[in-house]
Amino acid sequence: MTDTTRLRIAIQKKGRLSDESIKLLKAIGVKLSIRDRLLIAHSTNLPIDLLLVRDDDIPGLVMDGIADLGFIGENELEEKMLERQTSNEPAEYQVLKRLEYGGCRLSIAVPNEFDYKGIESFEGKRIATTYPQLLKRYLQEKNVNASPVMLTGSVEVAPRAGIADAICDLVSTGATLEANGLYEALEIFQSKAVLIQKSAPLDGDKQALVDTLLPRINGVMQAKE
Ligand code: PRT
Ligand code: ZN
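Quick note, the sequence shown lines up with residues 1 to 225 if you use full-length UniProt numbering.
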């Protein structure tokens with residue numbers, strides 16, 4: 001059984017945000033005992049439990065109030081919020097802090113031979129992506145009719161496989177695009193990791209704990225500048 005009096009923080013179990021999120025928690029004085037393969041980890045010095053999950057699950061856990069806080073990339077957060085809004089599910093949360101890691105951009109990229117002349121080049125095209133909501137919102141804002149093709153992985157091979165004309169994927173160094181004969185045509189969203197909190201009020205003790213942790217995060221971030 002999980003103890004609901006303890007502050008529940010959802011973090012990515014394994015992936016690009018895991019190490020930095022755990023490093024930040026440790027830096028603000030949260031001692032952790034994390035054992036492999038377990039969904040939950042306990043702090044040994046504070047009333048905090050970590051839920052170790054896939055990043056895709058973190059926005060929903062916070063929006064449903066199952067986790068009190070979550071560390072998540074803005075790309076994933078915004079995508080889930082839009083998805084939940086379209087299906088009338090709870091999509092509320094508060095951003096407590098924009099963090100200094102997990103930086104990337106969501107960009108539309110095209111094969112090297114694609115003659116890109118501006119956003120109108122995507123009219124009538126198929127664009128493979130894991131972020132259909134963010135892509136649709138962007139295309140609608142720009143009045144372009146293109147069809148998102150949803151893929152949960154291997155997005156960068158979609159043009160070569162004949163599944164799509166272009167892709168919309170996360171880019172950090174650009175090496176993946178280059179290795180797949182693609183180039184970045186258009187950036188549509190910039191992302192970093194953020195710390196979010198559920199929208200319903202926390203009980204007094206949990207809120208007091210969050211209120212002591214936040215200034216420590218600011219301190220750690222300032223010390224890095
Ligand atoms: O298993 P789980 O679902 O938890 O993990 P995941 O595979 O969905 O996510 P993960 O760990 O790859 O990424 C987690 C978060 O890290 C993303 O949601 C972003 O917020 C952030 N992030 C930052 C990135 C990147 N940079 C990034 N470069 N996420 C993915 N990439 C991928 C991108 O999709 C592409 O395949 O890296 C490749 C491009 O990198 P470059 O350096 O070659 O441009
Ligand atoms: Zn994921």
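Built from N, CA and C at the ideal position, the CB exists for glycine as well.
>> Which same chain residues end up closer than 6 Å to Ser147 when comparing Cβ atoms and leaving out the 5 residues on each side of it in sequence?
In response: Excluding sequence neighbours, Ser147 sits near Arg126.
>> Short of 7 Å in beta carbon distance, which residues of its chain neighbour Lys13, apart from the five on each side in sequence? Order them along the chain.
In response: Counting only residues of its own chain and dropping the five nearest sequence neighbours on each side, Lys13 has a CB closer than 7 Å to the CB of Leu52, Val53, Arg54.
>> My output table needs one value for Glu184: the three-state DSSP class, helix, strand or coil.
In response: Looking at Glu184 - three-state DSSP - the assignment turns out to be strand.
>> With distance defined between alpha-carbon atoms, name the residue in Leu202, Glu123, Arg105 nearest to Leu134.
In response: When each option's Cα is compared against that of Leu134, the closest is Arg105.
> When the distance is taken between beta carbons, is Lys26 closer than 7 Å to Ser43?
Replying inline: In this structure, Lys26 does not lie closer than 7 Å to Ser43 by Cβ.
> Under the three-state reduction of DSSP, which class applies to Val30: helix, strand or coil?
Replying inline: Here Val30 sits in coil by DSSP.
>> Is the beta carbon of Ile188 closer than 7 Å to that of Tyr138?
In response: Yes, these two residues count as a Cβ contact at 7 Å.
> Could you check where the alpha helix (DSSP H) with Val62 kicks off and where it finishes?
Replying inline: For Val62, the uninterrupted alpha helix (DSSP H) segment begins and ends at 58 to 63.
>> Report the CB separation of Ile119 from Leu186 in whole angstroms; it is logged as a contact under 8 Å.
In response: Contact between Ile119 and Leu186 holds: their C-beta atoms lie close to 6 Å from each other, under 8 Å.
> Using the beta-carbon count (16 or more within 10 Å), is Leu50 buried or exposed?
Replying inline: Around the beta-carbon of Leu50, 16 or more other beta-carbon atoms lie within 10 Å, marking it buried.
> Considering only C-alpha positions, which residue in the set Lys142, Ile11, Glu20 is nearest to Val62?
Replying inline: Minimum Cα distance to Val62 is reached at Ile11.
> Near ligand 1, which residues have their beta-carbon closer than 6 Å to a heavy atom?
Replying inline: Every residue passing the under-6 Å Cβ criterion appears here: Gln12, Gly15, Arg16, Leu17, Arg54, Asp55, Asp56, Gly73, Asn75, Glu76, Gly102, Cys104, Asp169, Leu170, Val171, Ser172, Thr173, Gly174, Ala175, Thr176, Ser191.
> Does the Cβ-Cβ distance between Pro90 and Leu77 come in under 7 Å?
Replying inline: For the pair Pro90 and Leu77, the CB atoms are not nearer than the 7 Å cut-off.
> In terms of DSSP beta bridges, what is Val110 paired with?
Replying inline: Beta-bridge annotation (DSSP): Val110 is paired with Tyr183.
> Is DSSP giving Thr129 helix, strand or coil here?
Replying inline: Thr129 sits in a strand when the DSSP states are folded into three classes.
> If we count the other Cβ atoms within 10 Å of its Cβ and call it buried at 16 or more, is residue 226 buried or exposed?
Replying inline: Since the displayed the chain opens at 1 and closes at 225, residue 226 lies outside it and no answer follows.
> Which value, in whole angstroms, describes the spacing of the CA atoms of Leu69 and Leu38?
Replying inline: Cα to Cα, Leu69 sits roughly 19 Å from Leu38.
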